[in-house]
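Protein sequence lines, in the order shown, are assigned to chains V and X.
To convert a position in the first sequence, counted from 1, into the numbering used here, add 154.
To convert a position in the second sequence, counted from 1, into the numbering used here, add 2.
A virtual CB, placed ideally from N, CA and C, is assigned to each residue, including glycine.
Note that the structure is predicted; figures quoted are calculated from it, not measured.
I have placed the structure first, in the form of structure tokens, so that the comments after it can refer back to it.
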Amino acid sequence: MSEPIITFDKVNKWYGDDFHVLRDIDMQVAPGERIVICGPSGSGKSTLIRCINRLEEHQQGRLIVDGIELSDDVKATDQVRKKVGMVFQQFNLFPHLTVLENLTLSPMWVSKMPKKEAEEKAMQQLERVQIAEQAHKYPLQLSGGQQQRVAIARALCLTPKIMLFDEPTSALDPEMIKEVLDVIVELAEQGITMLCVTHEMGFAKAVADRVIFMDQGQIVEQNTPHEFFQHPQNERSRDFLSKILGH
Amino acid sequence: MTAQTFQRIPPRPAPVKTGGAIAWIRANLFGGRTTTLSTLAIGAILLWYLPQFFNWAVFEAVWLPDADACHAAGVGACWGVVAEKYRIIIFGRYPFGEQWRPLVATLLMLALLIASCTRMFWRPSLAVLWIAVLSVFFWLMYGNAFGLTKVETDRWGGLPLTILLSSLSIVMAFPLAVLVALGRRSELPAIRSFCTIYVELIRGVPLISVLFMASFMFPLFMPPGLSIDVLVRVLLGITLFAAAYLAEVIRGGLQAIPKSQVEAAATLGLSYWQTQRKIVLPQALAIVVPGIINSFISTFKDTSLVTVVSLYELTGALSLALNSDADWRPYKIEGYLFIALIYFVFCFSMSRYSRWIEKQVNKGNQR
């Protein structure tokens, strides 16, 4: 295995004094690896990936992203955030800005790119998620699936090395899930490192190199999708799979 | 079972028209028993009072500045008081022969305010324009340079003073209020408590006491030999007062912006100030436009309190004009109606502008 791009070393986190949300997380992610994280709600899977770009701060252990250790040092956080794109369950587009302005915001203000160049780059990303014709609309004028594709394009405008997806299809109408998953699958095929919290098991089977199953703040089991779905080792994973695949 | 083909039903217009004057009257004035009864009752009251009012205000009114005619006629309004005293009402104690100066200064200021409200002028050079117009305003009002005689600020009065105090205090209070509102939500305890104490202190006292402090107490604490003009002190007092209220309005807007917006900005690498400026404030301010304009209107009308520290703005100038003249003193009502009309024109314009601004800033929410 080549040098890992993300390393969790005995990472712990608490909400308040009592809620131990991440417990002794040890995990390494190789460059280009595609990981699906699943588990029951409250198991800490969102918190886990939100630690990677320090939307959540871990309190114990070490977390290293592309050679930079995350700490109270704001500069380290800024460095990491330039390399990590994130897509949220609720899209979190900026409703007062047009689609194009949503995409050019970071290149223009953080990377100080000239407007014209930023717009060209943004249009390329919009083409990539097949939504270029909506560039001058406002987010709330689009469907949920379209908004999520814009959110993906916005994250891609950072040219990130790592993409984090936090339940990207959970807030979508069923008929829109596919258009978003198709975009993510296509990204996955292009070799970007990807961590995705999702319950779309079909998606996990199709693109993941590894499935991580979490429960009660711990990593319970990790395996290739084939092994995980065919021969879950842990009783918690078996129980979980029977619930989500059973219906 | 064979599959059925989809039969499209073409759209049809609604059977009863809901638009038009007659439909509106039927729905809104005679929509039910209660509505019909109240329409009739209000109509009767209007029919009774409106003719009396118009008799007083128009048909039997005296329009000429003739005190004897007013005393003789006795029934109608005496608008002559306005014709006689309008220069003192509008310009206060400003030297009579020099009153073209406040007139030009006020017109310039109004032009600046109107320009600031139009989209065409929303660019950085607007600040330069403000500085230029304010300099000319002060030169015209104060004089003492380029051939104009000196007029001390305690002689300034009437509408120019009202407009100067309200527009400057609003323009200075707004950025201050934004900072205080952000400060109250800061993660740094020192900044947070400072802003909270400021807001609570100011809200805890009436404007009159702030003005008294600015006018009478503040000079006591100044080092001897250094004195700040009373107009400046009062202006700062109103600004600090207005900013505290405005800050709370703006904080209301900030509370309404979901944390997820800030998180999204953070993942894009935006700094705290970039996030506030580009993401949070535009949305927060758009939400509270009605509240902000409310504060502006309040501030505009609150300037009438500076009379208590002997600055005769529009309201003060009216008392000044009538109290000293026994012939015209009985016609205060007419005088007050006149300045009420002036206040109304300004406040109503602000209300209308608020509606337009709301449309401008809410573009993203139109589906």
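List, in order along the chain, the chain V residues whose C-beta lies closer than 8 Å to that of residue i?
| i | result |
| --- | --- |
| Ala288/X | His250 |
Rounded to the nearest angstrom, what separates residue i and residue j at their Cα positions?
| i | j | result |
| --- | --- | --- |
| Pro194/V | Ser391/V | 10 Å |
| Phe382/V | Gln372/V | 17 Å |
| Leu254/V | Phe367/V | 37 Å |
| Leu112/X | Gly94/X | 18 Å |
| Phe302/X | Val182/X | 21 Å |
| Phe196/X | Ser188/X | 11 Å |
| Gly22/X | Gly293/X | 33 Å |
| Gly196/V | Asp172/V | 14 Å |
| Leu395/V | Met330/V | 24 Å |
| Met224/X | Ile240/X | 19 Å |
| Leu142/X | Val106/X | 8 Å |
| Lys270/V | Pro293/V | 21 Å |
| Lys315/V | Val291/X | 41 Å |
| Ala79/X | Thr155/X | 35 Å |
| Ser211/X | Ala192/X | 27 Å |
| Leu479/V | Met317/V | It is not possible to answer for residue 479/V, since the shown part of chain V is limited to 155 through 401. |
| Arg303/V | Gln244/V | 12 Å |
| Pro268/V | Ser156/V | 36 Å |
| Val77/X | Ala71/X | 11 Å |
| Val201/X | Ser326/X | 40 Å |
| Ser127/X | Ile133/X | 10 Å |
| Gly239/V | Arg282/V | 16 Å |
| Phe242/V | Phe162/V | 22 Å |
| Ile289/X | Gln257/X | 10 Å |
| Phe319/V | Phe350/X | 50 Å |
| Ala46/X | Phe32/X | 15 Å |
Taking 6 Å as the limit between beta carbons, can you name the residues of its chain near residue i, skipping five residues before and five after?
| i | result |
| --- | --- |
| Arg204/V | Glu210 |
| Lys167/V | Val175, Leu176, His212, Gln213 |
| Ala272/V | Thr258, Pro261, Met262 |
| Arg308/V | Asn256, Leu257 |
| Val135/X | Leu110, Leu114 |
| Phe357/V | Leu335 |
| Leu178/X | Ala245 |
| Phe98/X | none |
| Phe340/X | Val84 |
Using a Cβ-Cβ cut-off of 7 Å (strictly less than) and excluding sequence neighbours within five positions of residue i, which residues of its own chain qualify?
| i | result |
| --- | --- |
| Arg369/X | Any reading at Arg369/X is ruled out, since the residue's pLDDT is 46, under 50, leaving its predicted position unreliable. |
| Val361/V | Arg188, Val339, Ala342 |
| Asp369/V | Gly193, Pro194, Ser197, Arg390 |
| Ile359/X | Val291 |
| Ala286/V | Met277, Leu280 |
| Trp330/X | Ala69, Val83, Glu86, Lys87, Leu324 |
Our contact map puts residue i next to residue j with C-beta atoms below 8 Å; I'd like the distance itself, whole angstroms only.
| i | j | result |
| --- | --- | --- |
| Pro386/V | Lys359/V | About 14 Å; that fails the 8 Å criterion. |
| Pro179/V | Val190/V | The amino acid occupying residue 179/V in the given sequence is Ile; Pro does not appear at that position. In fact, because the Cβ distance is near 16 Å, the residues do not count as touching under 8 Å. |
| Val311/X | Val236/X | 6 Å |
| Leu312/V | Lys397/V | That belief does not hold up - the Cβ atoms of Leu312/V and Lys397/V are roughly 36 Å apart, past 8 Å. |
| Gln301/V | Leu247/V | 6 Å |
| Leu307/X | Leu209/X | 6 Å |
| Lys347/V | Gly186/V | According to the sequence displayed, residue 347/V carries Thr and not Lys. Sure, about 6 Å apart at Cβ, within 8 Å. |
| Ala249/X | Ile91/X | At roughly 34 Å, the Cβ-Cβ gap does not stay under 8 Å, so Ala249/X and Ile91/X are not in contact. |
| Tyr314/X | Gly159/X | 4 Å |
Run through chain X and tell me which residues come within less than 9 Å of residue i, C-beta to C-beta.
| i | result |
| --- | --- |
| Val264/V | Leu270, Gly271, Leu272, Ser273, Gln276 |
| Leu312/V | Thr269, Leu270, Gly271 |
| Lys167/V | Within 9 Å Cβ-Cβ: nothing; Lys167/V doesn't reach chain X, min ~17 Å. |
| Gln244/V | Pro260, Ser262 |
| Leu209/V | Glu265, Ala268, Thr269 |
Quick one: which chain V residues come within Cβ less than 9 Å of residue i?
| i | result |
| --- | --- |
| Lys280/X | Phe248, Leu251, Leu259, Trp263 |
| Gln285/X | Phe248, Pro249, His250 |
Below 6 Å, is the gap between the Cβ of residue i and the nearest heavy atom of the ligand NAP?
| i | result |
| --- | --- |
| Ile359/X | Among the components modelled here there is no ligand, and therefore nothing to report on the ligand NAP. |
Name the chain X residues whose beta carbon is nearer than 7 Å to that of residue i?
| i | result |
| --- | --- |
| Asp171/V | Those within 7 Å of Asp171/V in chain X number zero; the least Cβ separation is about 20 Å. |
| Met240/V | Thr269 |
| Asp227/V | Residues of chain X passing the Cβ test: none, with the nearest at roughly 15 Å. |
| Asp232/V | Gly271 |
Please work out which residues of its chain come closer than 8 Å, Cβ to Cβ, to residue i, disregarding the five sequence neighbours upstream and downstream, and give them in chain order.
| i | result |
| --- | --- |
| Lys119/X | Per the sequence shown, the amino acid found at residue 119/X is Cys instead of Lys. Taken in chain order, the residues that qualify are Tyr355. |
| Ile344/X | Leu161, Leu316 |
| Phe61/X | Gly78 |
| Gly206/X | none |
| Glu274/V | none |
I want to verify the contact list: residues of chain X whose CB lies under 8 Å from the CB of residue i, in sequence order.
| i | result |
| --- | --- |
| Arg235/V | Ala268, Thr269, Leu270, Gly271 |
Residue ranges of each beta strand (DSSP E) within the segment 266-321 of chain V, 3 or longer:
316-320
Please specify which runs of the alpha helix (DSSP H), each continuous and at least 4 residues long, are wholly inside the segment 18-90 of chain X, giving them in chain order.
23-30, 35-56, 69-75
Give the list of continuous beta strand (DSSP E) stretches no shorter than 3 residues that lie fully inside the segment 150-198 of chain X.
none
Output the residue ranges of the alpha helix (DSSP H) runs that lie fully inside the segment 324-363 of chain V and measure 4 residues or longer, sorted by chain position.
328-342, 355-361
Could you tell me which whole alpha helix (DSSP H) segments of length 4 or greater appear in the segment 276-341 of chain X?
Counting whole runs of 4 or more residues, the segment 276-341 of chain X contains the alpha helix (DSSP H) stretches 283-289, 291-304, 316-325.
What runs of the alpha helix (DSSP H), each 4 residues or longer, lie entirely inside the segment 196-251 of chain X?
209-214
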